[in-house]
Amino acid sequence: MPESPLSNETQAAMENFPPAAPTVAEPVFEGRVAKVSVTLPTTDADGGPLTGLASCTLFYKTFSFAGSNPEAERNAGTPHQEQEVNPEMAGQTITFTVNDLEYGVLYYFAASCAD
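Per my numbering, the very first residue in the sequence shown carries number 2; after that it's consecutive.
Now the structure itself:
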């Protein structure tokens with residue numbers, strides 16, 4: 002087995018990092034509508050088995066090119082939609098539909114789950 006180029010400390014940190022956040026896929030745009038797929042987490046924030054999963058919220062933020070701070074705008078977002086989910090749905094993908102988007106605007110999407 003080849004040796005990893007990462008330090009032992011880095012490897013240990015990566016192995017202990019819990020994949021508790023939902024994963025947002027590249028949105029599919031159809032005119033002024035975006036279909037955003039979100040894969041629900043399979044572990045809780047502590048890295049343990051997911052036993053409570055109640056909701057998933059989609060956030061989005063527009064990006065303005067005129068004299069803005071891209072990093073600040075990317076990190077901001079307002080809730081758009083919330084879907085009820087349950088622990089049996091862990092690891093499954095759900096889809097949000099975002100309507101009435103503007104043409105020529107860059108959108109950032111993020112999701113958060115609550116238990």
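Even glycine gets a Cβ: it sits at the ideal position worked out from N, Cα and C.
With contacts defined by Cβ atoms closer than 8 Å, P88 and L54 form a contacting pair. Around the beta carbon of Y61, 16 or more other beta carbons lie within 10 angstroms, which makes this residue buried.
The alpha-carbon separation between T98 and D45 amounts to approximately 26 Å.
Here P50 carries a strand assignment [DSSP, helix/strand/coil].
CA-to-CA, the gap between E85 and V25 works out to about 17 Å. The beta carbons of Y108 and T58 sit no closer together than 8 Å. Secondary structure at P88: helix, using DSSP grouped into helix, strand and coil.
Under the three-state reduction of DSSP output, P80 falls in the strand class. The DSSP-derived three-state label of Y104 is coil. About 5 Å separates the Cβ atoms of T94 and T40, confirming a contact at the 8 Å cut-off.
Per DSSP, the continuous beta strand (DSSP E) segment holding L59 begins and ends at 56 to 64.
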